[in-house]
Structures are given as structure tokens and as C-alpha cells.
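Novice:
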Amino acid sequence: MKEIPEGRETYTAEPIKSDIDEAMFLGNPVLDNVVNCLVALGSEVWACKRRTKVLEAVLAKKGISQEEIERYQPSAAEVEAWEEDRDRFLALAMGPLGFQSHVPASARFSRK
Amino acid sequence: MLDRRELLGLSTVGVAAAVGMGSMLKSKSVLAAEAAQLAADGGLRGADGRHVRLGELDVESRQDYTKGYRVLNRRSYRQVSEDMFERLIQREGVDPTSKISIDELRALVDLDPNIGLMHKSWLANQRVTWKNLQDHYHQNADFYLSQMEAADKSGPGSLELLASQSALPDHVKHEIHIQPGGYVGDPFAGHLYHYGTNSFWFGTRGHNEQDEIHREVAHRMPLPKDGKVRRILDYGTGVGQFAMALKARFPDAEVWGLDAGGPMVRYSHMRANNLGIPVNFIQSVAEQTQFPDGYFDMVTSFIAHHEMPAQVTRQVVAEVERITRPGGVYYPLDFISGGTTSTPRGMFGRWYDHRWNNEVWSMEYHSIDFTAEIAKRDFRQVKDAQAAMRGFGIRHFERV
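Encoded structure:
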């Protein structure tokens, strides 16, 4: 996540963090993390599908054919920008595999 | 230099239409016409009525997905999970009609991974909801901070922020609903809360992008017997939706929205200004408002009390007693409370929401009878009062 630019007043205070990223509901932290990934991955897949629907609708209105899309060669700048977005995608969708889930679902709620 | 309304995609036409909206819901054709006008005017991605579209198509699409997932979870997974829980308690010899405590519930929840999967997937979806939004606002922090900074100094409503955040008590600093940073810790807490709760409303009561639910409830708020509503306070105002709805219902009243979260009141103020709604927002805890004695004709809160400790609820009621004028109305909305035990099925949902949706104070809230707490003070409960919102109690009180 990007840092807030320095010198900007944000009117914030230090929060008391939840322990949700350490929760284990499925008896095996690996399974918990896989569920995190699947749900996140689903959001990315749907975003892509929805964007495609928008693109197809806009392109059709502009008279652009499917064949032109298939033949398109991205520029170096486009490749670089797309790779940056791919890395963000991976962090969101696959990052949860690295969570350390160990607090059982029945753990007492002691943090106040 | 770009005008703030241009940045938001809110045209003069759109703002004027919003101001004249009153308490009536707009027709679909009016909303469509507004959206078309806004889109034609440029800006970010335009707006649909008073709902500013999220800043990027992909962010909006992920939000659309998590909203849909929430509905799937509610309509399908939850039923399956509750059925499994019923079988589990039968297997464990627990009487489904008996009342059980949190500890008795805790002893059951780890026994069936299928139940865990339903809750796990719900929370994973909640996590994606917040992360998607937070990433967007932080990636465009300069832009969104500039919008709030410009709004801080403009009207029609006023904004009062604490000079220092260090005095905020710990009880307001939790990440309620696992919202990252909670209400005080992220500069875009108001943005996150607004779009996140749009999904919550859609999954539970229906669309609220046009503040439909808040406006409907505001329309049902009872008047003092003398009919005079000159000043209104909505504490725990969140992103100010109920305060703005009350202003629409009572256009001549001086309306205040109060919240402990600095980013929450900043966002509320900016949104109200963009819509041309003159509501005043102030950052403060509700138990110590600094308003004069007997200042308000009406005091409300919209589902705020289950997010504060029981003792603070008592302090807030005492403060409301102080600032409400004789004959004034006090009508706080929140869940029906009273009791630390419930049926296994009732405790099942309550426990998970408390523990893992990080509703830190909800069990304390349920441990007291909120309505009875108000009745202990100089308030008289109105007989045969109507519910302003189904499922959230009928706490219509008059200040003695």
C-alpha cells in the first residue's frame, strides 16, 4: 500500500488492530489461506470479465473488430505498465498464502 | 485550478438537483438524467444521482463482486452453515431451545470445519472489500487528500476537527468490521466506510447508494409534542447519511453530525458540501459533546451503541439527557439488546460477528438493556410508539 504523502494532515490516530489475518477456521492454516486467495482471485476474474464487457460494448460502437484486437502489439511502455498491474494482482490474489494463521476460531476475545 | 466539484464529477446541475431533492426519493428517470448530465460534464467517472462512482472501473468491478458474494453468502452459505450447526448441537446433545453462553458456544465452533468454511469465506470477502478500496484511495492519496483539504475550508456546512488526536479514548480505535485502520486510523476511513457499507446494506436491506434507507428512517422520526425542531444532533454519525437525511426532513433546523473519527467527519463534510446540504460536522466523542444544556430538540444515533462499551453507553445517555431540552425527542436506533445468553442459533451469529467481524463491544452492548438504561434517566418512553426501522428497537423517548 502506498504511503501517505509527507506533511499532509490526516487527522488520524493509531488504531488497535484486529487479528483477523491470523485467524484459523479450517483446522489447517494452509486451507484458510487458500480460501483467502480464492475469494480475492474471484474478484479479479470478475473485474476482468466486467471490463471486457465494457470494452466490447464501447468498441462495437466505434466499429472496432475482434480481429484488430487479436493482432494488437503492445508498446514497451504498455508492457511495463501491464507488468506493474500484474504484480499488484498477484499481491492481492496470492499474497494471503504468506499469512501466518494460528489463532483458533474459539480463542477468547481478550483485546480491549 | 480544478473546482472540487469538477474533481468529484459533480456538476452544478447535479448539485442543484440534489439540493432540491427534499426528503422524497428520486425517480429512476430523474437519476438517469442526472447521471447522463454528470457523465457529459466530465470529471472522474461521473455519478449516479448522489452516488459518486468509484474512481476506476476495476475497483468498481471488484466491489461489485464482493457485493454479489455477500448476497451469495447470506442466501446460500449461511443457511447451509446454520443447518450444519443444528446437526452439530444435536450430535453434542445440546437442546436447541435452551439458552447458551458465549463460552458454551465457543466450545462448539471449532468442531465442524464446514461451519468454519462459511465464516472463513465471508471474512475473506470482507477483507477483499476493504483492501480493494483502501488500495485505491492510497494509490491516489494526493488527489483524494486534496479534495478533503479543499472541502475542509468550505461550506455551506461547518467542520470542527480535534487539534490533536492523542486525546481520543482507546474504545474508538478498534478496527470495527475489520475495516483497516477503523474509524480513526486511515485518512480515508470515511470513503472506505461509505462504499463498504453500501455493500452491507445491499446484502441485508437493499440499495442505499442514494441514502434511501437513511432517508426513509428520517421520514419516520417522531416530532416533539410541540412540533418544534430547531436543532438536531446525530451522534456516531459515521459518514453523515442520517444527519443529511434529517436535514432534508427538517430543512429549517440546525443539524449537527458528531463522530469520534476525524476522517469520518471530514468525508461527511465534503460529501454534504458537494451535495449542497448545510449540515455541521464535529469530531468528538458522544459522551462529552461540549454543547450547551438543553440545546437540542431532537437527538438521534444510527446503529452506534453496539460499537461502544456498555459504560460509555450509560455516559452517552447521561450526556444526551443534559443537552436535550425539556420535551425534546431522543430516538437512538440500535439492535434489540438485553441478555448475555441466547439460543444456540442466536448466539452462533452473534459470536462470530463479535469475535471475527471485530464487533469488539457488541457483547457488552447485549449485556445491558439499552432501552432500560435510557428509562433510568429523565426521559419518558412514549407509549405505542412506532418503529423507525424494523429490527432496531422502538426507543422513542421524550425529555422530561
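Going down the list, the protein sequences come from chains A and B.
In terms of UniProt numbering, the first sequence is residues 1 to 112.
In terms of UniProt numbering, the second sequence is residues 1 to 400.
Positions of the beta carbon are idealized from the N, C-alpha and C atoms, including for glycine.
Source: prediction; values computed, not measured.
Cβ of Leu-275 of chain B less than 8 angstroms from any chain A Cβ?
Specialist: no
Novice: Could you pull out every unbroken alpha helix (DSSP H) segment of at least 4 residues lying fully inside the segment 85 to 133 of chain B, listed in chain order?
Specialist: 102 to 109
Novice: Can you name the residues of chain A whose CB is closer than 7 angstroms to the CB of Pro-278 of chain B?
Specialist: Going along chain A, no residue has its Cβ under 7 angstroms from Pro-278 of chain B, so there is no contact; the nearest lies around 22 angstroms.
Novice: Can you round the beta-carbon distance between Tyr-77 of chain B and Trp-46 of chain A to whole angstroms, since I take them to be within the 8 angstroms contact cut?
Specialist: Between Trp-46 of chain A and Tyr-77 of chain B the Cβ distance is about 18 angstroms, and since that is not below 8 angstroms, they are no contact.
Novice: Please confirm whether Leu-90 of chain A has its beta-carbon closer than 8 angstroms to some beta-carbon of chain B.
Specialist: no
Novice: Mind checking who Gly-257 of chain B pairs with in its DSSP beta bridge?
Specialist: B:Asp-234, B:Phe-281
Novice: Hey, quick one: how far does the beta strand (DSSP E) through Arg-399 of chain B stretch, first residue to last?
Specialist: 397 to 399
Novice: Using DSSP's beta-bridge definition, name the partner residues of Phe-302 of chain B.
Specialist: B:Leu-333
Novice: Counting only Cβ pairs nearer than 8 angstroms, list the residues of chain A close to Gln-311 of chain B.
Specialist: Chain A residues near Gln-311 of chain B: none, gap ~12 angstroms exceeds 8 angstroms.
Novice: Hey, quick one: how far does the beta strand (DSSP E) through Arg-50 of chain B stretch, first residue to last?
Specialist: No beta strand (DSSP E) holds Arg-50 of chain B; DSSP gives it neither H nor E.
Novice: Suppose you measure from the CA of Phe-188 of chain B to the CA of Arg-71 of chain A; what does that come to, to the nearest Å?
Specialist: Roughly 42 angstroms separates the two Cα atoms.
Novice: Taking one C-beta from the segment 233 to 248 of chain B and one from the segment 161 to 177 of chain B each time, how about it: are there three or more such pairs within less than 8 angstroms?
Specialist: no
Novice: Out of B:Ala-47, B:Leu-57, B:Asp-83, which one is the CA nearest neighbour of Gly-346 of chain B?
Specialist: Nearest C-alpha to Gly-346 of chain B: B:Asp-83.
Novice: Write down the C-beta distance between Pro-15 of chain A and Val-184 of chain B rounded to the nearest angstrom, noting that I regard them as a contact closer than 8 angstroms.
Specialist: 6 angstroms
Novice: Measure from the C-beta of Ile-69 of chain A to each C-beta in chain B and report whether the shortest distance is under 8 angstroms.
Specialist: Not an interface residue.
Novice: If you count every other CB in all the chains shown that lies within 10 Å of the CB of Ile-69 of chain A, and 16 or more means buried, which is it?
Specialist: By the neighbour-count rule (16 or more Cβ atoms within 10 Å), Ile-69 of chain A is not buried but exposed.
Novice: Please classify Gly-63 of chain A as buried or exposed, where buried requires at least 16 neighbouring CB atoms within 10 angstroms.
Specialist: exposed
Novice: List the residues of chain B whose Cβ lies closer than 7 angstroms to the Cβ of Met-1 of chain A, in chain order.
Specialist: Residues of chain B passing the Cβ test: Gln-134, Asp-135, His-138.
Novice: Using CA coordinates, which residue listed in B:Asp-259, B:Gly-240, B:Thr-97 is at the minimum distance from Asn-273 of chain B?
Specialist: B:Gly-240
Novice: Compare the C-beta of Ile-64 of chain A against all C-beta atoms of chain B and say whether one is closer than 8 angstroms.
Specialist: Put simply, the CB of Ile-64 of chain A is far from chain B, with every gap to its CB atoms at 8 angstroms or more.
Novice: Under a Cβ-count criterion, where at least 16 other Cβ atoms within 10 Å of its own Cβ denotes burial, should Met-264 of chain B be classed as buried or exposed?
Specialist: Buried: at least 16 other Cβ atoms inside 10 Å.
Novice: Could you compute how far the alpha carbon of Thr-97 of chain B sits from the alpha carbon of Gly-349 of chain B?
Specialist: 16 angstroms
Novice: Going by CA-CA distance only, name the one from B:Asn-358, B:Arg-325, B:Asp-378, B:His-174 that's closest to Lys-225 of chain B.
Specialist: B:Arg-325
Novice: Within 8 angstroms (strictly less), CB to CB, does Lys-17 of chain A reach chain B?
Specialist: yes
Novice: Using beta carbons (cut-off 8 angstroms, strictly below), is Gly-7 of chain A in contact with chain B?
Specialist: No - not a single Cβ of chain B is within 8 angstroms of the one on Gly-7 of chain A.
Novice: So does the segment 364 to 380 of chain B actually touch the segment 113 to 126 of chain B, counting three or more Cβ pairs closer than 8 angstroms?
Specialist: no
Novice: Any idea which residues DSSP pairs Ser-342 of chain B with across the strands?
Specialist: B:Ile-100
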